[in-house]
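Engineer: Chains as they are written, first to last, in this note's numbering: chain H, 38 to 148; chain L, 688 to 800.
Take a look at the structure:
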């Protein structure tokens with residue numbers, strides 16, 4: 038069974054702090070995506086990483102794809118209440134046209 | 688304009704009934720998906736269609752039958768509903784079967800009583 042494990046499952050921090058969320062698998066992915074989901078809505082794509090070692094930045098969010106393309110991290114600098122939500126990573130296997138989603142990290146930023 | 692729309696938003700029904708959820712995308716995408724998100728927020732792919740052709744069919748009970756009348760629509764029909772079918776069902780689309788940049792609908796919360 039192919040699994041994508043995210044850690045931590047839950048994270049509650051104070052506004053202004055930094056945090057990192059991890060997404061790990063034993064499988065190699067063609068690409069990996071990060072999504073954010075708010076209550077009552079569908080996930081919204083934040084970024085896609087394709088190349089091993091790739092780093093992408095989206096304002097205060099930094100995404101990194103592992104060199105072996107098995108894992109990824111999301112780092113948020115100076116977290117704000119608006120960052121609150123469920124963060125999901127998703128790995129794609131192009132050979133099988135298959136996508137699996139991670140277990141999710143529920144992030145809460147306290148003002 | 689809504690990119691990916693689903694109807695209904697909420698669906699409450701009794702065990703044993705048959706129900707359908709509809710999905711439409713106006714993005715001109717070739718590939719559409721159905722996902723199930725359980726109470727623990729775990730999102731699992733059920734089906735994927737590319738240009739009306741089924742390309743992903745995960746281990747899903749055959750009570751679930753997707754239908755794609757054209758590449759802008761992907762409907763999900765569920766027969767003989769069971770309590771365990773209660774979940775939020777999301778439709779999504781992407782430009783092609785590579786799966787990059789998936790756009791999700793708002794979800795349909797199905798409650799089986």
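Beta carbons are placed, not taken as given, at the ideal position from N, Cα and C, and that holds for glycine.
Between the beta-carbon of residue 776/L and the beta-carbon of residue 721/L, is there less than 8 Å?
Structural biologist: Counting from 1 along the second chain, the entry for residue 776/L is found at position 89. Counting from 1 along the second chain, the entry for residue 721/L is found at position 34. The answer is yes: Cβ separation under 8 Å.
Engineer: Write down the C-beta distance between residue 712/L and residue 759/L rounded to the nearest angstrom, noting that I regard them as a contact closer than 8 Å.
Structural biologist: Here residue 712/L refers to the residue found at position 25 when the second chain is read from its first residue. Here residue 759/L refers to the residue found at position 72 when the second chain is read from its first residue. With a Cβ gap of about 6 Å, residue 712/L and residue 759/L count as contacting.
Engineer: So if DSSP puts residue 44/H in a beta bridge, which residue, or which two residues, is it bridged to?
Structural biologist: In the first chain, residue 44/H corresponds to position 7, counting from 1. DSSP lists 59/H as the bridge partner or partners of residue 44/H.
Engineer: Taking 8 Å as the cut-off, does the stretch 102 to 121 of chain H touch the stretch 59 to 72 of chain H (at least 3 CB pairs, one atom from each stretch)?
Structural biologist: yes
Engineer: I'd like to confirm the pairing. Which residues does DSSP put opposite residue 764/L in its beta bridges?
Structural biologist: Position 77 of the second chain, counted from the first residue, corresponds to residue 764/L. 707/L, 752/L, per the DSSP bridge assignment.
Engineer: Measuring alpha carbon to alpha carbon, tell me which residue in 794/L, 700/L, 774/L, 751/L is nearest residue 780/L.
Structural biologist: On the second chain, position 93 is the one that residue 780/L refers to. Of the candidates 794/L, 700/L, 774/L, 751/L, the one whose C-alpha sits nearest the C-alpha of residue 780/L is 794/L.
Engineer: Counting C-beta neighbours from all protein chains within 10 Å, is the total for residue 90/H 16 or more, i.e. buried, or is it exposed?
Structural biologist: If you number the first chain from 1, residue 90/H lands on position 53. Answer is exposed; the Cβ neighbour count stays below 16.
Engineer: Our contact map puts residue 61/H next to residue 114/H with C-beta atoms below 8 Å; I'd like the distance itself, whole angstroms only.
Structural biologist: To locate residue 61/H, count along the first chain from 1; it is residue 24. To locate residue 114/H, count along the first chain from 1; it is residue 77. Actually they are not in contact, since the Cβ atoms of residue 61/H and residue 114/H sit about 22 Å apart, beyond 8 Å.
Engineer: Between which two residues does the beta strand (DSSP E) containing residue 690/L stretch?
Structural biologist: Working through the second chain from its first residue, we reach residue 690/L at position 3. Element bounds for residue 690/L: n/a, residue is neither H nor E.
Engineer: Along the chain, where does the beta strand (DSSP E) containing residue 737/L start, and where does it finish?
Structural biologist: Counting from one through the second chain, the residue named residue 737/L turns up at place 50. Unbroken beta strand (DSSP E) run through residue 737/L: 730 to 737.
Engineer: For a contact meaning CB atoms closer than 7 Å, what does residue 135/H contact in chain L?
Structural biologist: As a first step, residue 135/H must be located in the first chain, where it is residue number 98. In chain order: 743.
Engineer: So, is residue 119/H buried or exposed, given that buried needs 16 or more other C-beta atoms within 10 angstroms?
Structural biologist: Indexing the first chain from 1 puts residue 119/H at position 82. Counting the other Cβ atoms within 10 Å of the Cβ of residue 119/H gives fewer than 16, which makes it exposed.
Engineer: Run through DSSP, which three-state label would residue 714/L get?
Structural biologist: Here residue 714/L corresponds to residue number 27 of the second chain, with the count starting at 1. Three-state DSSP puts residue 714/L in coil, outside helix and strand.
Engineer: Using three-state DSSP, classify residue 119/H as helix, strand or coil.
Structural biologist: Numbered from its first residue, the first chain carries residue 119/H at position 82. Three-state DSSP puts residue 119/H in a helix.
Engineer: For a contact meaning CB atoms closer than 9 Å, what does residue 811/L contact in chain H?
Structural biologist: Chain L is shown from 688 up to 800; residue 811/L falls before or after that span and cannot be answered.
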